[in-house]
Amino acid sequence: MTQETTGEAFGTGPLDRDGLAAITSKFAPGGGKITDLRRLSGGASQETWSFAVQGDRTPDRLILRRAPGGTFQHSGTAGLEIEAAVIEAVAKQNVPVPCVRYVLSPEDGLGRGFMTSHVDGETIARKILRDDRYAAARAALPGQFGAALANIHAVDLTDLPQLRLQGPARSLQVMRDDVSLLPTPRPVFEVALRWLADRLPEEQTLRLIHGDFRLGNVIVGEDGIRAVLDWELVHAGDPMEDLAWLCAMPWRFGMIDKPVGGVGRLDQLIESYEMAGGVADRARLRWWDVMSALRWGVNCAGMLPLFRDGTDTSVERAMIARRASENEIDILRLIYLGD
Amino acid sequence: MQDEPNPLEILRAVATLLREELMPQLVGASAFNARVAANALDLVQRELALPATAAQEENGALSSLLGMDGDTQGLTTELARRIADRSIDPADPAVERLLWSITEAKLNVDQPAYGGLKRVLALRAAQHHR
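Chains as they are written, first to last, in this note's numbering: chain A, 362 to 700; chain B, 398 to 527.
If you want it as structure tokens, here you go:
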């Protein structure tokens, strides 16, 4: 969503440059001077800043992820300190992630957030899926996705701060509550809720779940995945949730016949996932396919009140609200056509 | 009666202005937002171009499935309620047909190029050939 080297600057806004320099001087020998500070695009629920720290060696490029305005935390998100702890834990499990350099504390006076090293590469799905320079990356990605997910799901939860616990039953309850709050009646969403309730998988041991694993949220180089980003929806849940989400129609970005993020076949993902120690379950995956379509649909439909009440009056917000029907057709396809 | 060009023609002209004249001069977020705005105008054109009978047909189909009269919003709420309380079975072919037709009608306005819709049409064609 963010952190692309090609991304445009969005102005600098209110971030205390001196406060930032006071922190970076602690870990940049002989330095601390901040240059090239800019806010990157994307991420309504987080601010992402890019900057370089000048020291006695080559400039150190860093990324700061921060709560909007310093403090706001969106509901359902893990919280930035937890995100940082998770990134450090998955790094030990060989998941490619940016190195966490510093976690903000209240004394820093910059709000909540953390800094990581900058990772070069591309996050824009359209480019990764269509540009010639990423042809080799596209061939490698299905296997790398499977391995990264298996490694994430293998992280020992007892080593982590308490995460949101959300297996199938809890996910269904959250969706039911969210659908009931939508301003427009949605028979297709009710069909999905009923289908999901009738096939609720039994609860299993909860695993670490990324929660938004897809193109857009990974940095890709010409050799494939360089870093998995955007851990804000991390929680403890059913591993098949991450696999299904990656395969959801919107995250194929138009490459409709390549279910795995627009780059590969499902059997490629499952094979690499199992090679890396994951256990795939196609029946549960199917359940999460329907849940994924419903989840994204509820998200889109939920944009209407935000647009109308003035929270975000942008054309983009209005147009996302009009994408709920895309998810409805996906739900019908999954349930009635068994695709 | 208003003079012409009609709203559809005016919207088409504004969308063309955005795409062909303004977008090439813009970069970054502004270029992106201009493209979103042009797409939004296309959506409004598709909605305005719907035949006058479309809304009536949807209302009639809902009304006959549910066996009651009402406005479309009310009937849709009732359909959602009956699916949720299990007094209507989504596996009933008449229910399935109605859900497809309402959803496809929405999508034909919202995003007729959506990949998921193409996939549905391809699957249907394949089933038909079998």
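Don't be surprised by glycine CBs; every beta carbon is placed ideally from N, CA and C.
query: Three-state secondary structure (DSSP) of A:Thr-674; result: coil
query: Alpha-carbon to alpha-carbon, B:Ala-488 and B:His-525; result: 20 Å
query: Span separating the alpha-carbon of A:Arg-645 from that of A:Pro-562; result: 7 Å
query: Short-range partners of chain B found in the region 544-568 of chain A, where Cβ spacing is below 9 Å; result: Thr-545, Pro-546, Arg-547, Pro-548, Val-549, Phe-550, Glu-551, Val-552, Leu-554, Arg-555, Trp-556
query: Against chain B: residues of the region 664-695 of chain A by CB proximity under 9 Å; result: Ser-675, Val-676, Glu-677, Ala-679, Met-680, Arg-683, Arg-684, Ala-685, Ser-686, Glu-687, Asn-688, Glu-689, Ile-690, Asp-691, Ile-692, Leu-693, Arg-694
query: Chain B residues whose Cβ lies nearer than 9 Å to that of A:Asp-700; result: Arg-516, Val-517, Leu-520
query: Neighbourhood of A:Glu-442 by C-beta distance below 8 Å, restricted to the same chain and skipping five residues each side; result: Val-464, Arg-473, Phe-475, Pro-522
query: Residues from the region 407-424 of chain B in contact with chain A, defined by Cβ distance under 9 Å; result: Val-424
query: Proximity test, Cβ basis, 7 Å: A:Gly-623 and chain B; result: no
query: B:Asp-507 at chain A interface by Cβ criterion, 7 Å; result: yes
query: Interface flag, A:Met-476 vs chain B, CB-CB below 7 Å; result: no
query: Contact set between the region 431-448 of chain B and chain A, restricted to residues whose Cβ is under 7 Å from the partner; result: Val-433, Ala-434, Asn-436, Ala-437, Leu-440
query: Beta bridge counterpart(s) of A:Val-651 as assigned by DSSP; result: DSSP output for A:Val-651 lists no bridge partner at all.
query: Endpoints, the beta strand (DSSP E) within which A:Thr-438 is located; result: It is not in any beta strand (DSSP E) - A:Thr-438 carries neither H nor E in the DSSP assignment.
query: Inter-stretch contact (C-beta, 8 Å, three-pair minimum) for the region 439-451 of chain B and the region 507-522 of chain A; result: no
query: A:Gly-372, buried or exposed, once every other Cβ within 10 Å from all chains shown has been counted against 16; result: The predicted model places A:Gly-372 with a pLDDT of 37, which falls under 50 and marks its position as unreliable, so this point remains unresolved.
query: Buried or exposed by the 16-neighbour rule on C-beta atoms within 10 Å, applied to A:Ala-496; result: exposed
query: Any non-hydrogen atom of the ligand ATP within 6 Å of A:Val-549 CB; result: Of ligands this structure carries none, so the ligand ATP is not represented either.
query: Beta-carbon proximity list for A:Val-621, same chain, < 7 Å, skipping 5 on both sides; result: Pro-503, Phe-506, Leu-607, Cys-608, Leu-627, Gln-629, Leu-630
query: A:Gly-380, DSSP secondary structure in three states; result: helix
query: Any chain A beta carbon closer than 7 Å to B:Gly-464; result: no
query: Exposure label - B:Leu-405; buried when at least 16 CB within 10 Å; result: exposed
query: Residues sharing a beta bridge with A:Ser-704, DSSP; result: Given a span of 362 to 700 for chain A in the structure shown, any question on residue 704 of chain A remains unanswerable.
query: Whether A:Asp-417 touches A:Pro-390 by CB criterion (7 Å); result: yes
query: C-alpha distance - A:Glu-689 paired with B:Lys-515, whole-angstrom precision; result: 14 Å
query: For A:Gly-711, the first and last residue of its enclosing beta strand (DSSP E); result: Chain A is shown only over 362 to 700; residue 711 of chain A falls outside these bounds and no answer can be derived.
query: Straight-line Cα distance separating A:Ala-588 from A:Asn-512; result: 13 Å
query: Separation of A:Val-414 from A:Val-651, as counted between CA atoms; result: 46 Å
query: Proximal chain B residues relative to A:Ile-617, where beta-carbon distance stays under 8 Å; result: Gly-512, Gly-513, Lys-515, Arg-516
query: As assigned by DSSP and simplified to three states, the class of A:Gly-323; result: It is not possible to answer for residue 323 of chain A, since the shown part of chain A is limited to 362 through 700.
query: Chain A within 7 Å of B:Pro-402, Cβ atoms only; result: no
query: For A:Leu-698 and B:Leu-520, believed in contact at Cβ under 8 Å, the rounded distance; result: 5 Å
query: Residue-chain proximity (B:Thr-473, chain A), Cβ-Cβ < 7 Å; result: yes
query: CB contact check: B:Ala-481 to chain A, cutoff 7 Å; result: yes
query: A:Ser-411 - partner residues in DSSP beta bridges; result: A:Arg-399, A:Ile-424
query: Buried versus exposed call for A:Asn-578 [16 or more other C-beta atoms within 10 Å across all chains shown]; result: buried
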